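**Q**
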Amino acid sequence: MLSAKLGHLLDAPLSSIAKRIPVSPNFLTITGFLITVSAALIIPYNVKLGGICILFGGFFDMLDGIVARTSGRATKFGAFLDSVLDRYSDAFLFLSISYYLAADGNHAGSFLSLGTLVGAFLISYARARAEGLGESCHTGIMERPERIILLIFATLTGWLCSGTMDNACPHPYYRCSEDLSCMESNAQAIIKNIIVCIDGEKWTEKAITYAMEITRAFNGKLTALHVINPYLKKFADEIYAVGRNEYSNYIDKELRKEADDILLDSKQWRIP
Amino acid sequence: MADSIGLPYNVIVRYGPPEEEIIKETLENAYDLLVLGAKPLNAFKKRIESFNLPMKIFKNIQIPAIFVR
Chain X
64 MLSAKLGHLL DAPLSSIAKR IPVSPNFLTI TGFLITVSAA LIIPYNVKLG GICILFGGFF
124 DMLDGIVART SGRATKFGAF LDSVLDRYSD AFLFLSISYY LAADGNHAGS FLSLGTLVGA
184 FLISYARARA EGLGESCHTG IMERPERIIL LIFATLTGWL CSGTMDNACP HPYYRCSEDL
244 SCMESNAQAI IKNIIVCIDG EKWTEKAITY AMEITRAFNG KLTALHVINP YLKKFADEIY
304 AVGRNEYSNY IDKELRKEAD DILLDSKQWR IP
Chain V
874 MADSIGLPYN VIVRYGPPEE EIIKETLENA YDLLVLGAKP LNAFKKRIES FNLPMKIFKN
934 IQIPAIFVR
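Those protein sequence lines, which keep their order, are chains X and V.
Residues in the first sequence are numbered from 64 upward in steps of one, following the numbering used here.
Residues in the second sequence are numbered from 874 upward in steps of one, following the numbering used here.
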């Protein structure tokens with residue numbers, strides 16, 4: 064799409080620079096490839112720096128074609144080398160992004176990135192196959208220039224989202240394993256007073272188990288906290304003009320009943 | 874029962890918006906660790922604080938906390 068419209072548009076303004084570049088276009092192609100590979104290696108550690116590197120690599124990628132065309136040094140080998148190294152740099156970029164996302168626990172994103180890689184390769188395959196059969200297949204919406212521009216944009220703006228809130232959260236965000244035996248071996252520590260929040264939901268049960276295991280391991284004191292959330296009473300002022308107090312009391316009564324149920328439930332806690 | 878295995882524990886009930894009350898409770902009494910169960914969220918909802926109540930608590934709390942998802 065983009066390359067068809069502005070494919071050789073930059074040839075004219077850049078040709079004066081291109082003529083002055085003494086090195087061969089193949090050298091530029093390989094340099095661009097090496098920069099893109101280094102970008103792929105940087106991305107897992109620093110996404111923004113990786114984006115800047117992709118930008119440089121893309122610039123070299125653009126330059127090699129222009130140099131080849133304007134200085135009359137376009138060769139069949141150069142065109143072939145350019146296409147093949149483009150595929151390799153695509154592979155490196157998407158693999159590194161998928162590694163970065165997978166390391167963050169974002170498996171859906173990692174999978175999508177690999178899917179994009181497959182799509183990117185299929186574009187080239189479909190085209191080469193069509194041309195091999197004597198047809199032209201220059202259509203589609205996301206060719207390599209668009210893909211790389213979108214990728215640069217995403218890496219620089221941080222839209223390449225990771226699964227965790229590493230920027231927003233001041234603490235490191237730990238993931239717990241199921242195994243708590245490491246805590247028992249270290250039980251002389253200072254954790255004595257443990258508070259666990261209970262709300263009667265099913266995912267809280269796991270937290271209660273953790274809290275009890277930790278309390279037992281540290282020989283501490285456990286406090287369970289249940290917070291009654293009266294958010295429904297906010298609506299009393301808006302909806303119920305008549306019987307507002309009754310509504311409010313009813314909500315209070317129901318919430319208290321729920322709290323009682325939860326507290327009763329807490330009597331049944333067991334360490335599995 | 875939790876009592877029968879010799880775990881001393883008591884139960885507190887508070888009234889109000891949960892995230893504020895939990896933070897207040899940890900400020901008023903000397904706790905060493907907060908354990909909180911949390912609903913498993915997808916990556917998108919995790920980034921948005923109104924979905925991710927535990928993160929709101931986590932940012933404003935003074936003591937160590939464990940979230941169990």
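Quick reminder that beta carbons are idealized off the backbone N, C-alpha and C, glycines included.
Model, not experiment: these values are computed from the prediction.
Starting from X:Tyr-273, find everything on chain V with Cβ-Cβ shorter than 8 Å and list it in chain order.
**A** Within the first sequence, numbered from 1, the residue matching residue 273 of chain X stands at position 210. Within chain V, the residues near X:Tyr-273 are Val-908, Ile-939 and Val-941.
**Q** Against V:Leu-880, what residues of chain X qualify as contacts under a CB-to-CB distance less than 7 Å, listed in chain order?
**A** Within the second sequence, numbered from 1, the residue matching residue 880 of chain V stands at position 7. Simply Met-275, Thr-278, Arg-279 and Leu-285.
**Q** In terms of alpha-carbon separation, which member of X:Arg-83, X:Ile-106 and X:Ser-79 lies closest to X:Leu-40?
**A** No answer is possible for residue 40 of chain X: the residues shown for chain X start at 64 and end at 335.
**Q** Using a 10 Å radius around the Cβ and a threshold of 16 neighbouring Cβ atoms, would you call X:Ala-270 buried or exposed?
**A** In the first sequence, residue 270 of chain X corresponds to position 207, counting from 1. Result: buried.
**Q** Let me know if V:Glu-901 comes out buried or exposed under the rule of 16 or more other beta-carbons within 10 Å of its beta-carbon.
**A** For the purposes of this step, residue 901 of chain V is identified with residue 28 of the second sequence, where counting begins at 1. It counts as exposed.
**Q** Residue range of the alpha helix (DSSP H) that X:Ala-137 falls in?
**A** Stepping through the first sequence from its first residue, residue 137 of chain X is reached at position 74. Run containing X:Ala-137: none; DSSP gives neither H nor E here.
**Q** For X:Ser-79, which option in X:Asp-124, X:Ile-129, X:Leu-104 and X:Lys-139 has the closest C-alpha, if you only look at C-alpha atoms?
**A** As a working mapping, residue 79 of chain X is identified with position 16 in the first sequence. Here the closest residue by C-alpha is X:Ile-129.
**Q** Is X:Gly-221 helix, strand or coil when you go by DSSP?
**A** For this step, residue 221 of chain X is matched to residue 158 along the first sequence. Three-state DSSP puts X:Gly-221 in coil, outside helix and strand.
**Q** I'd like to check one pair, X:Phe-123 with X:Gly-168: are the Cβ atoms closer than 8 Å?
**A** To locate residue 168 of chain X, count along the first sequence from 1; it is residue 105. To locate residue 123 of chain X, count along the first sequence from 1; it is residue 60. No, Cβ-Cβ distance for X:Gly-168 and X:Phe-123 is not below 8 Å.
**Q** May I ask you to list the residues that DSSP assigns as paired with X:Gly-195?
**A** For this step, residue 195 of chain X is matched to residue 132 along the first sequence. None, per the DSSP bridge assignment.
**Q** If you check the beta carbons only, do X:Ala-81 and X:Thr-133 fall under 8 Å apart?
**A** One-based indexing of the first sequence puts residue 81 of chain X at position 18. One-based indexing of the first sequence puts residue 133 of chain X at position 70. Against a cut-off of 8 Å, the Cβ pair of X:Thr-133 and X:Ala-81 comes out as a contact.
**Q** Taking the continuous beta strand (DSSP E) assigned at V:Tyr-888, which residues delimit it?
**A** Walking along the second sequence from the start, residue 888 of chain V turns up at place 15. Per DSSP, V:Tyr-888 belongs to the beta strand (DSSP E) from 882 to 888.
**Q** For V:Val-886 and X:Asp-328, what's the separation of their Cα atoms in angstroms?
**A** Position 13 of the second sequence, counted from the first residue, corresponds to residue 886 of chain V. Position 265 of the first sequence, counted from the first residue, corresponds to residue 328 of chain X. Using only the alpha carbons, I get a separation of about 14 Å.
**Q** Taking the straight line between their C-alpha atoms, what separation do you get for V:Lys-897 and V:Ile-930?
**A** Position 24 of the second sequence, counted from the first residue, corresponds to residue 897 of chain V. Position 57 of the second sequence, counted from the first residue, corresponds to residue 930 of chain V. For V:Lys-897 and V:Ile-930, the distance between alpha carbons rounds to 10 Å.
**Q** Have a look at X:Gly-201 and X:Glu-194 and give me their C-alpha separation to the nearest angstrom.
**A** Here residue 201 of chain X refers to the residue found at position 138 when the first sequence is read from its first residue. Here residue 194 of chain X refers to the residue found at position 131 when the first sequence is read from its first residue. This sequence places His at residue 201 of chain X; Gly is not what is there. Roughly 10 Å separates the two Cα atoms.
**Q** Out of X:Glu-276, X:Leu-326, X:Phe-216 and X:Tyr-294, which has the shortest C-alpha to C-alpha gap to X:Ile-115?
**A** For the purposes of this step, residue 115 of chain X is taken as residue 52 along the first sequence, with counting starting at 1. Selected option, being the one with the closest Cα: X:Phe-216.
**Q** Return the chain-ordered list of same chain residues with a C-beta closer than 8 Å to the C-beta of X:Ile-325, the five sequence neighbours on each side being excluded.
**A** The sequence position of residue 325 of chain X within the first sequence is 262, counting from 1. Correct list, in chain order: Ile-261, Asp-262, Gly-263 and His-289.
**Q** Sort X:Leu-295, X:Tyr-313, X:Asp-127 and X:Ser-101 by Cα distance to X:Ile-117 and report the nearest one.
**A** Position 54 of the first sequence, counting from 1, holds the residue named residue 117 of chain X. With distances taken between Cα atoms, X:Ile-117 lies closest to X:Ser-101.
**Q** How about X:Leu-156 and X:Leu-214: do their beta carbons lie closer than 8 Å?
**A** Counting from 1 along the first sequence, the entry for residue 156 of chain X is found at position 93. Counting from 1 along the first sequence, the entry for residue 214 of chain X is found at position 151. For X:Leu-156 and X:Leu-214, yes; Cβs fall inside 8 Å.
**Q** Would you mind working out which of V:Tyr-888, V:Glu-893, V:Tyr-904 and V:Pro-890 sits nearest X:Trp-285, comparing C-alpha positions?
**A** Against the first sequence, residue 285 of chain X aligns to sequence position 222. In the sequence as displayed, the identity of residue 285 of chain X is Leu instead of Trp. Measuring from the Cα of X:Leu-285, the nearest candidate turns out to be V:Tyr-904.
**Q** Report yes if the C-beta distance between X:Lys-265 and X:Phe-281 is below 8 Å; otherwise report no.
**A** For the purposes of this step, residue 265 of chain X is identified with residue 202 of the first sequence, where counting begins at 1. For the purposes of this step, residue 281 of chain X is identified with residue 218 of the first sequence, where counting begins at 1. No.
**Q** With H, G and I counted as helix, E and B as strand and the rest as coil, what does DSSP make of V:Ala-938?
**A** As a first step, residue 938 of chain V must be located in the second sequence, where it is residue number 65. Three-state result, V:Ala-938: strand.
**Q** State the start and end residues of the unbroken beta strand (DSSP E) segment that holds X:Asn-256.
**A** The residue labelled residue 256 of chain X in the question sits at position 193 within the first sequence. 256 to 260 is the span of the beta strand (DSSP E), which, as asked, contains X:Asn-256.
**Q** Under a CB-based cut-off of 8 Å, is V:Glu-901 close to chain X?
**A** Locating residue 901 of chain V in the second sequence gives position 28, where the first residue counts as 1. Not one chain X Cβ lies under 8 Å of V:Glu-901.
**Q** Return helix, strand or coil for V:Gly-910, following the three-state DSSP convention.
**A** What you label residue 910 of chain V is simply residue 37 of the second sequence in a count that begins at 1. The answer is strand: DSSP assigns V:Gly-910 an E or B state.
**Q** When you compare the CB of X:Pro-336 with every CB in chain V, is at least one pair closer than 8 Å?
**A** Residue numbering for chain X in the displayed model covers 64 to 335; residue 336 of chain X lies beyond these limits and cannot be assessed.
**Q** For V:Asn-883, return the contacting residues in chain X, with the cut-off set at a CB-CB distance below 9 Å.
**A** Locating residue 883 of chain V in the second sequence gives position 10, where the first residue counts as 1. Near V:Asn-883 (Cβ distances below 9 Å), the residues of chain X are Lys-284, Leu-285, Thr-286 and Ala-287.
**Q** Whose Cβ in chain V lies nearer than 7 Å to the Cβ of X:Asn-169?
**A** As a working note, residue 169 of chain X is residue 106 in the first sequence. Chain V residues near X:Asn-169: Ala-916.
**Q** Quick one: Cα of X:Gly-113 to Cα of X:Ala-103, how far?
**A** In the first sequence, the residue the question calls residue 113 of chain X occupies position 50. In the first sequence, the residue the question calls residue 103 of chain X occupies position 40. For X:Gly-113 and X:Ala-103, the distance between alpha carbons rounds to 7 Å.
**Q** Pick helix, strand or coil for X:His-289, following the three-state DSSP scheme.
**A** Here residue 289 of chain X refers to the residue found at position 226 when the first sequence is read from its first residue. X:His-289: strand per DSSP, three-state reduction.
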